[in-house]
Every structure is written in C-alpha cells, then in structure tokens.
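Presented below is the structure to which this report refers.
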Amino acid sequence: MIPDAEKLFSASTEWKSIRVNTLKIGRDELLERLSEKFEVREMPWYENGFFIKGDITKSLEYYLGYYHVQEAGSMLPPLVMLPDKNDCIIDICAAPGSKTTQMAMMMENEGIIFANDVNSKRLRALAHNIQKCGVVNCIILNHDGRFLWKKGIKGDKILLDAPCTASGKIIKNKNMTWSYGRVIRMSKLQKRLIESASKCLIDGGTLVYSTCSLEPEENEEVIDYAIKNLNMEVEKIELVGIKTRRGIKRWGDKEYEGAEKAIRIWPQDNLTEGFFICKLRKY
Amino acid sequence: MQIKKILNEKEIRDIEKLIEKNYGCKINLGKYKVFKTGEEKIWIVEKGVDMELCKKLRCYAMGMYFGKLKRNNKIKLSMEGAMMIGKIAKKNVAVIDEGEGMKFIEGENVIASKLIGCEQNNFVIIKMNEDILGVGILRENFIENLVPKARRINF
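In order, the protein sequence lines correspond to chains A and B. The first sequence begins at 16 in our numbering and counts up by one. The second sequence begins at 106 in our numbering and counts up by one.
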C-alpha cells in the first residue's frame, strides 16, 4: 500500500513547521525576524507556512503568539476548505486548535467558528491556543461530536478532522503501536461522526474530512459510506506546490467510491506527516 | 462558561472610557459583543454571534479574554488585551530593554528603562522595542510581573 516505503522510514524530521499568525503580525515581518535567529525555509504550498530548524518554542515571537507551531500537513484541510469571512463553520473535533486558529486567521477574525471537542481535558489547550492567537470569532463547545446535530446548530462549512489511529505520524514516532482492532473501532466512530457532521451542514454546504491516518478503513471507506448514505458528493481538490496522490480505490475485496478525488499526502513526499483529505458537498 | 452579563452600548462605552483614563487612548469595543463573566472578567466576541443560541449549548469559552475590572477604576488587561491597546497607549506604559524583556518573559520582576505617564501601583503595559510583552504593576523600584504561568518561557 505504501509507495516508496523505504523513503518513508528515512524521511527527515529535523525541520519543524510553523504558521504565521497574521492576526498579530505580517508574514514578511515575521520571516525577517525569524531569519535572524533560525534557518528558515518557506513552505512551497502555503505562503504563511515555514519550515524552521531550531528550538521554535523558545523565542520571543513564539511567546507573543506571532506564530503557531503546527504540523505542515495539518495546514492543508483549511486550505482545502477555504473559509470565508461570512461563513459559519463547525469544527467538530477541534482540540488542540491548530486548524481552528488557522481558519479564524483566514476569516480575518470575522464570521463564526463553533470549535467543538468531546474531551474536556483537551479543551484547555484549545482555549489557550485561541486566546494566544488573539481569536475573537470562536465559540468553544464541549459536546460529543456524534450527537452535535441534536443541538440545533448548522454550519455553511464543516471541518471533520476525525480522531484516528494517527499512523501518518510514523515519520515522527517510529515506535508507535498499531492494531487492526483499533483501526476498525476508529472507522466505526468516524462513520458516526461524518453522519452527525452531514446533519449539521446546510444543503449545498461543504464538509472537509481529514485524518492523519494511512489506513483505507479510516479514510476512503468513510467517504464511500458518506456518498452511499448521506446525500454527499465528492469534489475535486486543487492544491498547488505539494505532491499529493489519489485515494486508494481498491483495498482487499473492497472498492471505494469517490477515492479518485480524495488526496493522500505521504510523509516521504513533502516532509509532512501523512494525511488524508476529502472535500464533500451536501446536495 | 457562565455569562454574567452581556454589556449594552453604554456599559461598553464605560469600559472604553476606563481604558482612555488609564492608558490615554481611544479604542472601539463597539465592533464586538462584550460580556462579563465571574470576577468581573471582560470578554470580547465577534458581533454576529447569537448569544441566545450559545446559552443552549455547553459552552466552554467564547471569544477572547480582554481583561479584568479592578477596584478604583483600574483594569488588568490580558496579554492580548494589552496587545490591542499597547501600540496606541500614551500612559501607563513601561519600556524595558531586551535584557529585562527576556527576564519578563521568564516570569521575573523587571526594571523599566523608561516610564511613560505611569502611576504607582497601577497596571502598566510592558513594551520592548515595538512589541507588547504583557502587563505588570508598577511598584516603587520595580515592575511586578503578571505574565500567566502558562505563557512564560524559560530560555
């Protein structure tokens, strides 16, 4: 299943990634300041993303919230969604808030984001990051995402960055444990979450589904489920400057609908964690 | 989060006046919804937020913590509140040099190199070059550090 597998296990991890917080500082000004202290590379696919070598959590700029430490792959789902100033967005599994604060930044602190997470311990980190980034358009909720639709909120766009086995993080955690039973449990949970997400979405609204897992059961299978059961269709994703590969169409005896329009980001291709992203529209 | 009161236009203006009195600058909080939680904490949130809907939800937090009203018409700004005001503040601003700035970030008390219209025992905005580092209290010979523990960095 893994293309160029040997490259995956030797991929470099010495570069860390950060995102400029344009709610507090201009991109060029931060680049100039950081270049005096660190070795900095611009991210080819996102103007507000940089790769940096060094201890990025011990700088004046970090203290001031001028940038947010965020995995490079995790910057992609908001870029696929393209949040707008007038949107009402629901981020169903928001903690610790990297994508939430990125969306708030892209919306220039206007519109509304409902940032939800079931885990009350993780909400603390979410609230901390929202405050530190100077975000004013977020409402932090503590509901089980599977039942969020019962609360009567509707979004123009929804981000479902679903809980997953996180096998795409293997580049940074080569000692991670894996079990097929966990994959299956996650897949069931992800289907419940996408069902709830579809009910929270207005007709014609956009849902971006993502995981940092490599398993088809957690990705293409969930999309296949949404297409067949939830009045959703898959839309093509356009990203420039990053190597992406198509979703997996066949896995064992299963064949998945919509996989050809979903994208996979493999760790060995771009110095990121592995990611799966799919954009769906409700009809 | 328990919202104690959603402030009306007059109450928002009162806070703007309080900021003008303490920091010598005018800001427009009217572009936000402003509300109070326990201990006189002031929060700001995007104006389009439906507060009635939010009351029906299990809401952990909303918007950005701006500051806390204190006795004697004073306000203890949050770091982000200080950043909003710091660049235009004309009084109660303490300028510190880079050496003291690093100490301040670590949570230590510091000594200012310049005081701009500062009142003894009032909250002062800490400025280093063009950056606003947060707030402190001006004591007789030093500035008491008020950086929250979660925000401090040990270099």
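Just so it is clear, CB atoms sit at the ideal spot from N, CA and C, and this is done for glycine as well.
Residue 199 of chain B lies in the beta strand (DSSP E); which residues open and close that run? Translated into the one-based positions of the second sequence, residue 199 of chain B becomes position 94. Element bounds for residue 199 of chain B: 198–200.
What are the boundary residues of the beta strand (DSSP E) that includes residue 179 of chain B? Here residue 179 of chain B corresponds to residue number 74 of the second sequence, with the count starting at 1. Residues 179–182.
Counting Cβ pairs closer than 8 Å, one from the segment 171–188 of chain A and one from the segment 139–150 of chain A, do we hit at least three? no
Using CA coordinates, which residue listed in A/46, A/290, A/256, A/161 is at the minimum distance from residue 181 of chain A? One-based indexing of the first sequence puts residue 181 of chain A at position 166. Here the closest residue by C-alpha is A/290.
Could you give the DSSP three-state label for residue 293 of chain A: helix, strand or coil? Locating residue 293 of chain A in the first sequence gives position 278, counting from the first residue. Residue state, collapsed to three classes: strand.
Please report the distance separating the alpha-carbon of residue 236 of chain A from that of residue 121 of chain B. In the first sequence, the residue the question calls residue 236 of chain A occupies position 221. In the second sequence, the residue the question calls residue 121 of chain B occupies position 16. Approximately 54 Å, taken between the alpha carbons.
Any C-beta of chain A within less than 8 Å: which residues of the segment 150–167 of chain B qualify? 150, 151, 153, 154, 158, 159, 161, 162, 163, 164, 165, 166, 167
Take residue 14 of chain A as the anchor and find which of A/195, A/245, A/232, A/205 has the nearest alpha-carbon. Here chain A covers residues 16 to 298 and nothing more, so residue 14 of chain A does not appear.
Consult DSSP for residue 146 of chain B and reduce its assignment to one of helix, strand or coil. For the purposes of this step, residue 146 of chain B is taken as residue 41 along the second sequence, with counting starting at 1. In this structure, residue 146 of chain B counts as strand in the three-state DSSP scheme.
List the residues that DSSP assigns as beta-bridge partners of residue 225 of chain A. Numbered from its first residue, the first sequence carries residue 225 of chain A at position 210. A/176, A/292, per the DSSP bridge assignment.
Which residue from A/285, A/265, A/179 puts its Cα closest to that of residue 306 of chain A? Outside the shown range of chain A, which is 16 to 298, sits residue 306 of chain A, and nothing can be said about it.
The segment 167–182 of chain B in contact with the segment 207–216 of chain B per 3-pair CB rule at 8 Å: no
Sequence ranges, alpha helix (DSSP H) only - wholly within the segment 26–100 of chain A, length at least 4: 42–50, 75–78, 91–96
Compute the Euclidean distance between the alpha carbons of residue 109 of chain A and residue 143 of chain A, then round it to the nearest angstrom. To locate residue 109 of chain A, count along the first sequence from 1; it is residue 94. To locate residue 143 of chain A, count along the first sequence from 1; it is residue 128. The alpha-carbon atoms of residue 109 of chain A and residue 143 of chain A are separated by roughly 13 Å.
is_contact[residue 234 of chain A, chain B] using C-beta, thresh 8 Å: As a first step, residue 234 of chain A is located in the first sequence; it is residue number 219 there, counting from the start. So, not an interface residue.
Where residue 92 of chain A falls, given that 16 or more other Cβ within 10 Å makes a residue buried: Here the question's residue 92 of chain A lines up with position 77 in the first sequence. Answer is buried; the Cβ neighbour count reaches 16.
How is the alpha helix (DSSP H) around residue 153 of chain A delimited, first residue to last? Position 138 of the first sequence, counted from the first residue, corresponds to residue 153 of chain A. Here residue 153 of chain A belongs to no alpha helix (DSSP H); instead the beta strand (DSSP E) covers 153–156.
Sequence ranges, alpha helix (DSSP H) only - wholly within the segment 113–153 of chain A, length at least 4: 113–121, 135–147
Could you have a look at residue 298 of chain A and say whether DSSP puts it in helix, strand or coil? Position 283 of the first sequence, counted from the start, is the residue given in the question as residue 298 of chain A. Reduced to three states, the DSSP call for residue 298 of chain A is coil.
If you draw a straight line from the alpha carbon of residue 147 of chain A to that of residue 31 of chain A, how long is it in whole angstroms? Locating residue 147 of chain A in the first sequence gives position 132, counting from the first residue. Locating residue 31 of chain A in the first sequence gives position 16, counting from the first residue. Their Cα atoms are separated by approximately 20 Å.
Three-state secondary structure assigned by DSSP to residue 110 of chain B: Counting from 1 along the second sequence, the entry for residue 110 of chain B is found at position 5. Strand.
Using the three-state DSSP reduction, which class does residue 15 of chain A fall into: helix, strand or coil? Chain A is shown only over 16 to 298; residue 15 of chain A falls outside these bounds and no answer can be derived.
Identify which residue in A/285, A/62, A/281, A/273 has its Cα closest to the Cα of residue 323 of chain A. Because chain A in this structure spans residues 16 to 298, residue 323 of chain A falls outside the shown range and cannot be described.
Residue 255 of chain B CB to nearest chain A CB: under 8 Å? Counted from its first residue, the second sequence places residue 255 of chain B at position 150. For residue 255 of chain B, the answer is yes, since a Cβ of chain A falls inside 8 Å of its Cβ.
Could you spell out the range, first to last residue, of the alpha helix (DSSP H) harbouring residue 284 of chain A? Taking the first sequence and counting its residues from 1, the one referred to as residue 284 of chain A is at position 269. Unbroken alpha helix (DSSP H) run through residue 284 of chain A: 282–285.
Listing by chain order, which chain A residues have their CB less than 8 Å from the CB of residue 236 of chain B? Within the second sequence, numbered from 1, the residue matching residue 236 of chain B stands at position 131. 75, 79, listed in chain order.
Under the DSSP definition of a beta bridge, which residues are partnered with residue 243 of chain B? In the second sequence, residue 243 of chain B corresponds to position 138, counting from 1. The partner list for residue 243 of chain B (beta bridge, DSSP) reads B/248.
Would you grab the beta carbon distance between residue 127 of chain B and residue 227 of chain B for me? Rounded to a whole angstrom, and I think it's under 8 Å. Working through the second sequence from its first residue, we reach residue 127 of chain B at position 22. Working through the second sequence from its first residue, we reach residue 227 of chain B at position 122. So it is a contact: roughly 7 Å between Cβ atoms.
Is there contact between the segment 126–133 of chain A and the segment 66–76 of chain A, where contact requires at least three CB pairs shorter than 8 Å? no
Can you list, in chain order, the residues of the segment 205–227 of chain B whose Cβ is nearer than 9 Å to any Cβ on chain A? 206, 207, 210
From the DSSP output, read off the bridge partner residues of residue 269 of chain A. The residue you call residue 269 of chain A lines up with position 254 of the first sequence. Answer is A/266, bridged to residue 269 of chain A.
Given that a residue counts as buried once 16 or more other Cβ atoms are within 10 Å of its Cβ, and exposed if not, what is residue 195 of chain A? As a first step, residue 195 of chain A must be located in the first sequence, where it is residue number 180. By the neighbour-count rule (16 or more Cβ atoms within 10 Å), residue 195 of chain A is not buried but exposed.
Does any C-beta atom of chain B lie closer than 8 Å to the C-beta of residue 151 of chain A? Your numbering for residue 151 of chain A matches position 136 in the first sequence. Answer yes: the Cβ-Cβ gap between residue 151 of chain A and chain B drops below 8 Å somewhere.
For residue 47 of chain A and residue 201 of chain B, the rounded distance between their alpha carbons: Stepping through the second sequence from its first residue, residue 201 of chain B is reached at position 96. Stepping through the first sequence from its first residue, residue 47 of chain A is reached at position 32. Taking the straight line joining both Cα atoms gives about 22 Å.
Is it buried or exposed, residue 34 of chain A, if we count other Cβ atoms within 10 angstroms and call 16 or more buried? Along the first sequence, one-based indexing puts residue 34 of chain A at 19. Buried, because 16 or more other Cβ atoms sit within 10 Å of the Cβ of residue 34 of chain A.
Are the beta-carbon atoms belonging to residue 230 of chain B and residue 190 of chain B less than 8 Å from one another? Residue 230 of chain B sits at position 125 when you count from the first residue of the second sequence. Residue 190 of chain B sits at position 85 when you count from the first residue of the second sequence. Contact: yes.
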